[in-house]
Amino acid sequence: MRPWDDHRLVLIEREVKGDRGVIVFDAPTIAPLLWPGQFINLKVPGLLLRRPMAPAVLSSRLLLFVRGRGEGTQHLLTLSPGTVLRALAPLGNGFPLPEGRAVLVSGGTGAGPLLHLARFLVKRGHEVVLLHGAKDRSEAFFAPYLRASGASVRFFTEDGSWGERGYPTDALPFVLRPGDTLFAVGPEAMMQKAAGVARTMALPAYVSLEAHMACGVGSCLSCAVPTAKGQRHVCTDGPVFPAEEVRFHLEPA
Ligand SMILES: Cc1cc2nc3c(=O)[nH]c(=O)nc-3n(C[C@H](O)[C@H](O)[C@H](O)COP(=O)(O)OP(=O)(O)OC[C@H]3O[C@@H](n4cnc5c(N)ncnc54)[C@H](O)[C@@H]3O)c2cc1C
Ligand code: FES
């Protein structure tokens with residue numbers, strides 16, 4: 001039996017600032033099924049191919065951090081409350097559970113799956129530290145959602161206009177300690193740097209990869225990536241991979 005289905009979602013809230021947005025959907029049939037790190041393949045009105053999105057779960061709702069990159073995501077940011085959409089879900093593997101403390105590093109819309117993970121782990125009694133990085137203060141309106149996770153949260157911007165100046169990965173060597181597990185979702189350079197710090201400290205690290213997707217369910221080859229274990233499909237073998245299996249494009253680490 002296939003693990004996913006085609007679900008109905010209703011957009012109930014939308015806050016957009018520039019090319020970033022926070023969108024909340026009522027999705028009572030998806031929310032209980034979505035493990036942290038799994039994704040949905042969202043049908044955007046007027047477009048043939050669905051767009052993969054990794055939301056956080058808030059009770060029976062899904063919260064998406066969206067960056068308007070192209071036609072699909074820009075259109076998503078203009079939809080009004082009450083709009084009904086469809087999504088294939090739950091898709092992908094999701095994050096493994098850590099044994100001890102979890103240190104989460106997010107960049108941009110990578111905050112969505114890590115917010116889901118933070119809430120999930122805090123509810124189960126884990127200590128969670130979340131470091132979020134952005135170029136500037138354009139994502140400052142994400143802050144209340146991330147703070148409400150119950151994790152210890154720090155914000156970093158390249159220009160220092162919001163939170164601490166610099167990259168979250170600069171702080172990692174001082175934050176990580178023995179027994180921690182690292183989870184990183186965001187730009188590839190950030191994930192590569194974070195994975196490198198964890199490797200130096202011999203700590204387990206997991207990253208969530210982005211790839212162009214068509215089907216989202218393993219039936220086409222559009223999301224294939226080379227890994228240490230050969231070609232893998234980001235949609236079904238991932239999107240979460242142990243960092244040591246990932247062939248980052250930017251060499252050397
Ligand atoms: C598992 C997963 C979870 C995701 N979660 C989110 C999320 O929570 N919020 C969010 O805003 N986005 C998320 N994304 C990225 C999102 O799916 C893409 O930005 C979106 O599909 C782009 O569609 P578009 O029509 O806006 O842009 P397009 O017109 O399709 O493309 C616009 C530009 O972005 C580039 N691009 C498109 N898709 C990707 C991609 N996957 N990786 C790198 N470059 C790409 C294209 O090459 C092009 O230059 C996720 C992607 C994956 C794989
Ligand atoms: S998107 Fe079709 S195989 Fe992954």
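Counting along the sequence shown from 1, when you hit position 83 you're at 83 in this note's numbering, and nothing is skipped either side.
All residues carry an ideal CB built from backbone N, CA and C; glycine is no exception.
Residue side-chain check: His132 keeps its Cβ at 8 angstroms or more from all non-hydrogen atoms of ligand 1. For Ala31, the closest C-alpha among the options Gly179, Val22, Leu9, Glu13 is that of Leu9.
Here Asn41 is bridged, per DSSP, to Pro52, Leu88.
Exposed is the label assigned to Lys123, since fewer than 16 other Cβ atoms lie within 10 Å of its Cβ. Gly92 is not a Cβ neighbour of Ala56, given a cutoff of 9 angstroms. Taken through DSSP and simplified to helix, strand or coil, Asp170 comes out as helix. Val207 is the residue among Gly218, Val207, Gly163 whose C-alpha sits nearest the C-alpha of Gly94. Under DSSP, the beta-bridge partners assigned to Gly21 are Val16, Val66. His7 carries a strand assignment under DSSP once its states are collapsed to helix, strand and coil. For Thr181, the three-state secondary structure derived from DSSP is strand. With a contact defined as Cβ atoms closer than 8 angstroms, His249 and Glu210 miss out at about 12 angstroms. The criterion of a C-beta distance shorter than 9 angstroms is not satisfied by Arg199 and Ala171.
When secondary structure is reduced to three states using DSSP, Pro242 falls in the strand class. Leu97 and Phe39 have their C-alpha atoms some 17 angstroms from each other. With a threshold of 8 angstroms, the Cβ atom of Cys223 counts as near ligand 1, since some heavy atom of the ligand is closer than that. Taking 8 angstroms as the upper bound for CB-CB distance, Gly166 and Phe156 are in contact here, some 6 angstroms apart. Listed in chain order, the alpha helix (DSSP H) runs fully inside the stretch 87-137 are 111-123, counting runs of at least 4 residues.
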